[in-house]
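J.: What follows is a structure written as structure tokens; I'll ask about it next.
Protein chains: 2
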Amino acid sequence: MPRKSRIRAGSGVTLHDVGQAAGVSAITVSRVLHTPDKVSEALREKVLAVVEQLGYVPNRAARHLASARSHTVLVLIPSLSNTVFIDTLAGIEEVLQPAGYQMLIGNTHYDAAQELQLLRAYLEHSPDGLLLTGLAQSAEFSQLLARHRLPAVHMMDLTADGRDCVGFSQEDAGRAMCEHLLARGRRRIAFLGAQLDERVQKRLDGYRAALAAAGCHQPARELLDPRPSSMQMGADMLDALLAAQLDCDAVFCCNDDLAIGLLARCQQRGIAVPGQLAVAGFNDLAPAAWTTPPLTTIATPRHDIGRIAAQQLLARLRGETTRPACIDLGFALQHRKSS
Amino acid sequence: MPRKSRIRAGSGVTLHDVGQAAGVSAITVSRVLHTPDKVSEALREKVLAVVEQLGYVPNRAARHLASARSHTVLVLIPSLSNTVFIDTLAGIEEVLQPAGYQMLIGNTHYDAAQELQLLRAYLEHSPDGLLLTGLAQSAEFSQLLARHRLPAVHMMDLTADGRDCVGFSQEDAGRAMCEHLLARGRRRIAFLGAQLDERVQKRLDGYRAALAAAGCHQPARELLDPRPSSMQMGADMLDALLAAQLDCDAVFCCNDDLAIGLLARCQQRGIAVPGQLAVAGFNDLAPAAWTTPPLTTIATPRHDIGRIAAQQLLARLRGETTRPACIDLGFALQHRKSS
DNA sequence: TTGTACGCGTTATCAT
DNA sequence: ATGATAACGCGTACAA
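Chains as they are written, first to last, in our numbering: chain A, 199 to 537; chain U, 199 to 537.
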């Protein structure tokens with residue numbers, strides 16, 4: 199039966215072509231490339247030379263189809279404009295790239311419904327595994343995961359419910375910052391929150407716990423806005439705080455963006471930091487060290503979170519890991535002059 | 199011949215399965231999904247119902263293999279830690295996602311050799327097209343592109359040499375900033391450069407042209423460091439500037455990061471900005487509006503660059519475009535209090 | 001150690 | 001408008 203010529207996918211050179219040119223079968227070429235130990239050295243060298251000469255490029259689609267493994271990992275993050283998650287991506291890339299895995303990035307926009315839609319859409323790529331942000335996926339999401347038997351590692355937070363996770367305790371970090379402010383003699387501490395995703399909620403929990411323990415929790419001092427965080431919002435929140443006459447001596451911002459905007463507004467309004475008001479942020483982004491005054495904040499190991507989470511997922515994919523892993527990478531309080 | 203059961207790739211439901219359940223052939227199901235016009239309404243509805251019921255998920259790998267189109271675009275950016283390129287990614291995603299294209303991201307680390315390696319590696323995915331940063335790819339890179347007949351759109355800069363590009367004139371932007379400083383009465387203007395990639399070089403060209411035209415160019419006032427840019431480096435560069443006693447009345451930083459670090463150091467050392475020294479940055483990142491004093495800088499349309507570049511590439515892929523496109527999105531000088 | 005036969009899920013081609 | 005058949009390039013299973 200004549201082989202009808204069709205449009206080729208890649209450069210045109212196939213395993214078969216390489217095999218012919220080297221005087222071996224296609225499968226031998228495949229073995230030279232993937233399991234060189236199983237091929238005699240003579241053939242190996244010959245084949246490799248031809249591979250080089252012909253500029254052979256493997257075809258991932260064919261490989262995927264034949265092996266039922268896509269060598270692809272789906273990474274779901276809430277936002278592309280937040281450096282925190284980008285740093286995590288960099289850590290992930292550092293591990294996946296050398297391992298021959300491709301990362302597919304999905305932006306959930308902090309929305310569980312969009313997260314579910316993304317999973318549905320990306321299922322077409324049949325990823326071998328998932329890296330997720332946080333623990334608050336929807337029930338349908340989890341069912342879909344289970345149905346497709348997809349291993350997943352959750353990043354940025356911790357849980358003991360049996361899911362793999364790599365991160366740190368958001369609540370402990372929130373508490374630690376408040377204990378620091380308390381230790382500096384502050385009692386009237388406000389909490390400024392934006393976005394109000396699960397991580398901010400847990401930092402808020404930590405804030406409440408610490409202040410309650412010190413007997414100085416006042417719900418009126420919690421300023422919460424569900425809209426996306428921004429420096430402008432931080433500046434506005436300082437105005438709101440003053441307008442409400444809440445008589446604060448410290449503010450704990452749920453992230454550095456708010457804190458940076460708030461610090462700038464303090465400068466403009468002539469409010470002495472930390473004299474009149476101590477200011478604290480969260481994440482230790484690059485600008486935090488360069489504000490006036492430099493910002494006290496929580497340094498988070500987001501790059502390592504990505505790195506280790508990717509390693510953990512690869513271990514699962516290789517079947518090396520059995521028990522659920524819960525890897526706590528901790529956090530560090532960066533005490534600077536704003537407190 | 200008995201069909202041996204093997205491991206399935208996706209959820210397990212195939213076009214064939216859907217077809218059987220609906221009493222049609224696999225190809226009809228395919229048509230219902232991709233070219234519904236070519237199928238009778240009765241069948242269409244029936245098939246769609248079964249697709250829904252069985253939870254059919256198309257298999258991209260098989261589609262790719264059979265159609266020689268991967269619906270995948272390779273995006274090469276120099277860095278993940280620079281917000282500029284992340285914003286571009288967001289713009290790209292905004293266009294590719296709804297169009298059913300998957301973006302693969304490669305990080306070149308500002309290195310042409312790595313860029314070439316990435317292209318080689320990603321060729322396995324046989325991307326349908328490329329989105330590149332800048333114009334300075336290696337000769338081998340371009341040959342590889344040509345050999346595989348891959349359409350590419352260059353981002354961030356302009357050229358009239360026949361390659362598709364979307365961006366703005368880096369040199370004009372550098373010149374514009376210097377003309378602004380000159381117009382404010384400054385004559386002893388320093389240039390601080392880091393990374394020294396092609397874009398920084400062009401901004402430097404613009405700086406030189408503007409100052410030469412005004413008759414006040416002094417090469418000694420160019421501080422260039424090939425290492426990656428950082429706020430720390432900006433602070434260090436102010437120290438270096440003062441140590442060298444170059445007697446400057448303005449500094450043009452090649453990006454906002456340098457400028458932010460430099461401004462902070464000015465605060466620490468009690469240097470009045472803009473009184474003693476005017477300071478300018480480049481890119482208009484979020485923190486630029488919140489420094490003390492707020493930073494004069496060049497706002498760059500990076501989000502739109504990503505968006506339009508992706509659209510241009512899609513047009514090429516559809517064969518709609520013929521002549522090379524060179525799309526100038528311009529830039530805007532943000533005059534703030536630092537100058 | 002090397003090769004043969006076949007299937008992975010889809011689309012292109014051609015026939016009806 | 002719908003279907004039959006082959007082909008995409010590779011890896012698995014099994015044979016030699």
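A virtual CB, placed ideally from N, CA and C, is assigned to each residue, including glycine.
Just so it is clear, the structure is predicted and the values come from calculations on it, not from any experiment.
1) Under the three-state reduction of DSSP, which class applies to residue 469 of chain U: helix, strand or coil?
2) Counting along the chain, where does the beta strand (DSSP E) carrying residue 478 of chain A start and finish?
3) How is residue 203 of chain U classed by DSSP in three states: helix, strand or coil?
4) Compute the distance between the beta-carbons of residue 327 of chain A and residue 348 of chain A, then report whether it is under 9 Å.
5) What first and last residue would you give for the beta strand (DSSP E) that runs through residue 526 of chain U?
6) For residue 249 of chain A, which residues of its own chain have a beta-carbon under 6 Å away from its beta-carbon, when the five flanking residues on both sides are left out?
7) Let me confirm a value: residue 514 of chain A is counted as buried when at least 16 other C-beta atoms fall within 10 Å, else exposed. Which label applies?
8) Looking at C-beta atoms only, is the number of pairs between the stretch 404 to 419 of chain U and the stretch 430 to 437 of chain U that lie closer than 8 Å three or more?
9) Tell me whether residue 530 of chain A counts as near the ligand PLP, meaning its Cβ is closer than 8 Å to at least one heavy atom of that ligand.
10) At least one CB of chain A closer than 9 Å to the CB of residue 257 of chain U: is that the case?
11) Given a cut-off of 9 Å on the beta-carbon distance, is the pair residue 535 of chain U and residue 472 of chain U in contact?
12) Residues in the stretch 465 to 486 of chain U with C-beta within 7 Å of chain A's C-beta atoms, listed in sequence order?
13) Going by beta carbon distance, what residues of the same chain come within less than 6 Å of residue 333 of chain A, once the five residues before and after it are set aside?
14) Answer yes or no: does any C-beta atom of chain A fall closer than 9 Å to that of residue 203 of chain U?
15) What do you reckon, are the CB atoms on residue 480 of chain A and residue 370 of chain A nearer than 9 Å?
16) Give a yes or no on whether 9 Å exceeds the smallest Cβ distance from residue 345 of chain U to chain A.
17) Here's a check: name, in chain order, each residue in its chain whose Cβ is nearer than 7 Å to the Cβ of residue 244 of chain U, leaving out the five neighbours to either side.
18) Which one of A:526, A:239 and A:519 has the shortest CA to CA distance from residue 499 of chain A?
19) At what residues does the beta strand (DSSP E) containing residue 363 of chain A begin and finish?
20) On a Cα-Cα basis, can you pick out the residue from U:287, U:230, U:267 and U:234 that is closest to residue 572 of chain A?
21) So residue 448 of chain U and residue 476 of chain U are supposed to be a Cβ contact under 8 Å. How far apart are they, rounded?
22) Using 10 angstroms around the beta-carbon of residue 202 of chain A, count the other beta-carbons present and answer buried if the total reaches 16, otherwise exposed.
23) Do the stretch 370 to 386 of chain U and the stretch 294 to 301 of chain U touch if we need at least three Cβ pairs shorter than 8 Å?
24) For the stretch 314 to 326 of chain U, list every residue whose C-beta sits within 7 Å of some C-beta in chain A, in sequence order.
25) Is there a Cβ of chain A sitting closer than 9 Å to that of residue 305 of chain U, yes or no?
26) Among A:309, A:262 and A:212, which residue has its Cα nearest to the Cα of residue 251 of chain A?
27) I'd like to know whether the C-beta atoms of residue 257 of chain U and residue 324 of chain A end up nearer to each other than 9 Å.
28) Cβ of residue 332 of chain A less than 9 Å from any chain U Cβ?
29) So residue 444 of chain A is in the beta strand (DSSP E); what residue range does that whole segment cover?
30) In whole angstroms, what separates the C-alpha of residue 445 of chain A from that of residue 442 of chain U?
31) Going by CA-CA distance only, name the one from A:373, A:214, A:520 and A:340 that's closest to residue 397 of chain A.
32) Mind checking the stretch 258 to 288 of chain U against chain A and listing, in chain order, the residues whose C-beta falls within less than 8 Å of any C-beta there?
33) Would you list, in chain order, the members of the stretch 414 to 435 of chain U that have their beta-carbon closer than 9 Å to a beta-carbon of chain A?
T.: Let's see:
1) coil
2) 476 to 478
3) Low per-residue confidence applies at residue 203 of chain U: pLDDT is 41, beneath 50, and the placement is therefore not dependable enough to give any value.
4) yes
5) 524 to 526
6) 216
7) buried
8) no
9) Questions concerning the ligand PLP fall outside what the structure shown contains, since it holds no ligand whatsoever.
10) yes
11) yes
12) 465, 484 and 485
13) 352, 355 and 357
14) Only weak support exists for where residue 203 of chain U lies, its pLDDT of 41 falling under 50; the coordinates are left without a value.
15) no
16) yes
17) 220
18) A:526
19) 362 to 365
20) Outside the displayed span of chain A (199 to 537) sits residue 572 of chain A, for which this structure offers no information.
21) 4 Å
22) The predicted model places residue 202 of chain A with a pLDDT of 42, which falls under 50 and marks its position as unreliable, so this point remains unresolved.
23) no
24) 321, 322, 323 and 324
25) yes
26) A:212
27) yes
28) no
29) First-last for residue 444 of chain A: undefined, no H or E at that position.
30) 48 Å
31) A:373
32) 258, 259, 260, 262, 263, 266, 268, 278, 279, 281, 284, 285, 287 and 288
33) 428, 429, 430, 432 and 433
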